[in-house]
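Enquirer: Just add 1 to the spot in the sequence shown (first one is 1) and you have my numbering. Take this structure first; my questions come after.
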Amino acid sequence: MKIQCTPVKLVPFFLLFLIAACATTPLTQRRQLVLLPSSQLMQMSLSNYGEVKNNSKLSTDPREVEPVLRVGKRLADATMRYLKEQNLPTADYAWEFIVIKDDETVNAWCMPGGKIAVYTGILPITKDDTGLAVVMGHEIAHAIANHGNERMSQGMLAELGSVALAYAVKEQPEKTKDLFFQAYGAGTQIGLLLPYSRLHESEADRIGLTIMAMAGYDPNAAIPFWQRMNALSDSRPPEFLSTHPAPDSRIENIKQYLPEAMRHYQSRS
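Okay, here's the thing in structure tokens:
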């Protein structure tokens with residue numbers, strides 16, 4: 002007997018699939034939709050990170066590279082401790098840091114597995130190690146909170162359609178790769194970005210403050226960093242801020258998160 006599966010008949014199965022694909026973010030415990038398995042994202046991260054390195058001019062200037070490596074190492078160690086405290090897996094992390102020589106691009110991002118890029122255009126705004134810890138901690142927070150997977154899942158649903166979702170990576174590799182770059186903030190490679198929601202940004206600010214504090218960096222530095230970033234946006238809006246919340250509301254939110262982060266910072270003093 003031949004059974005026909007119409008779109009209407011597929012709806013209950015699709016709804017069950019969406020329910021099964023729900024996860025929770027660390028710290029905030031928010032329910033989120035993540036359709037791609039972490040193993041697949043890790044494979045894509047390795048491939049696409051390698052492509053970025055091959056196609057970008059990497060800085061070899063010690064004044065630019067050494068601070069990123071120094072701060073990155075401390076943040077990576079703190080992140081691994083944080084993940085263990087949250088009972089989250091750590092086996093897939095192989096931390097790597099690059100500095101992309103592009104003074105016109107004010108950006109930084111983190112792919113799954115701890116693949117991090119910082120553009121030289123953001124270094125005058127970070128000013129020092131603590132400023133670097135703010136932005137790098139923020140990007141690490143996006144990654145460990147599965148925001149990229151969430152954005153990519155939403156993008157795949159919108160661009161590729163729910164029925165085709167299971168075959169998206171196999172059948173449309175270029176489309177999937179573009180969505181990956183956009184979802185993880187590296188969309189400047191193709192001229193596009195998928196916006197983080199304000200909720201994502203607030204979560205990344207909160208988790209990022211905790212991570213930098215656990216690494217021994219004063220989280221109070223987040224306020225002047227974002228003030229410097231916002232001052233730049235008045236004259237030349239950076240790609241990094243194109244999807245971020247209003248400056249005043251961000252600062253107020255950070256002030257609310259600081260007591261929690263300071264407890265981690267002071268416990269290391």
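By construction, the Cβ of each residue, glycine as well, lies at the ideal position given by its N, Cα and C atoms.
In the DSSP assignment, find the unbroken alpha helix (DSSP H) run with Arg71 in it and report its ends.
Expert: Segment Pro63 to Glu86, the alpha helix (DSSP H) holding Arg71.
Enquirer: Between Gly209 and Gly122, how many whole angstroms is the CB-CB distance? I'm expecting something under 8 Å.
Expert: Not confirmed; about 20 Å, so no contact.
Enquirer: Looking only at C-alpha atoms, which of Pro220, Asn254 and Ala79 sits nearest to Tyr94?
Expert: Taking only the C-alpha atoms, the option nearest Tyr94 is Ala79.
Enquirer: What three-state label does DSSP hand Lys256 in the structure shown?
Expert: DSSP places Lys256 in helix when its eight states are reduced to three.
Enquirer: In the DSSP assignment, what residue or residues form a beta bridge with Gln98?
Expert: Just to set this straight, residue 98 is Phe in the shown sequence, not Gln. Paired residues: Ile117.
Enquirer: Since I believe Asn150 is in contact with Val35 (beta carbons under 8 Å), could you give me their beta-carbon distance rounded to a whole number of angstroms?
Expert: Yes, Val35 and Asn150 are in contact; Cβ-Cβ is about 4 Å, under 8 Å.
Enquirer: Are the CB atoms of Met43 and Gly114 within a distance shorter than 7 Å?
Expert: Yes, they are a contact pair.
Enquirer: Reducing DSSP to helix, strand and coil, say where Gln30 ends up.
Expert: Here Gln30 sits in coil by DSSP.
Enquirer: Would Ala262 pass as a contact of Pro225 if the rule is Cβ separation under 7 Å?
Expert: Result no, Cβ atoms of Ala262 and Pro225 do not sit closer than 7 Å.
Enquirer: Taking the alpha-carbon positions, what's the Gly1 to Lys85 distance?
Expert: Since the first residue shown for the chain is 2 and the last is 270, residue 1 is missing from the structure and cannot be characterised.
Enquirer: Arg82 and Met215 look like a contact to me (Cβ under 8 Å); what is the Cβ gap, rounded to whole Å?
Expert: So it is a contact: roughly 6 Å between Cβ atoms.
Enquirer: Assuming Tyr218 and Thr91 form a contact by the criterion Cβ under 8 Å, report the distance between their Cβ atoms to the nearest whole angstrom.
Expert: The Cβ separation is near 21 Å, so there is no contact.
Enquirer: On the DSSP letters alone, give me the boundaries of the beta strand (DSSP E) that Ala109 sits inside.
Expert: Its beta strand (DSSP E) spans residues Ala109 to Met112.
Enquirer: Using a 10 Å radius around the Cβ and a threshold of 16 neighbouring Cβ atoms, would you call Thr127 buried or exposed?
Expert: Thr127 is buried by the Cβ-count criterion.
Enquirer: Given a cut-off of 7 Å on the beta-carbon distance, is the pair Val100 and Ser46 in contact?
Expert: No. Outside cutoff.
Enquirer: Between Asn147 and the rest of its own chain, which residues show a CB-CB distance below 8 Å, the 5 nearest in sequence each way excluded?
Expert: Once the five neighbours on either side are set aside, the close Cβ partners of Asn147 are Ala24, Thr26, Gln33 and Val35.
Enquirer: Alpha helix (DSSP H) containing Glu105: first to last residue?
Expert: Counting along the chain, Glu105 falls outside any alpha helix (DSSP H), and DSSP gives it neither H nor E.
Enquirer: If we ignore side chains and look at the alpha-carbon of each, how far apart do Asn254 and Ser48 end up?
Expert: In a straight line, the C-alpha of Asn254 is about 36 Å away from that of Ser48.
Enquirer: Which residues bound the alpha helix (DSSP H) around Ser60?
Expert: Segment: none, Ser60 is in no alpha helix (DSSP H) and carries neither H nor E.
Enquirer: Give me whichever residues DSSP pairs with Thr211 in a beta bridge.
Expert: Thr211 pairs with nothing; no bridge assigned.
Enquirer: Can you look up Thr279 in the DSSP assignment and give me helix, strand or coil?
Expert: Within the shown structure, residues of the chain are numbered from 2 to 270, placing residue 279 beyond reach of any answer.
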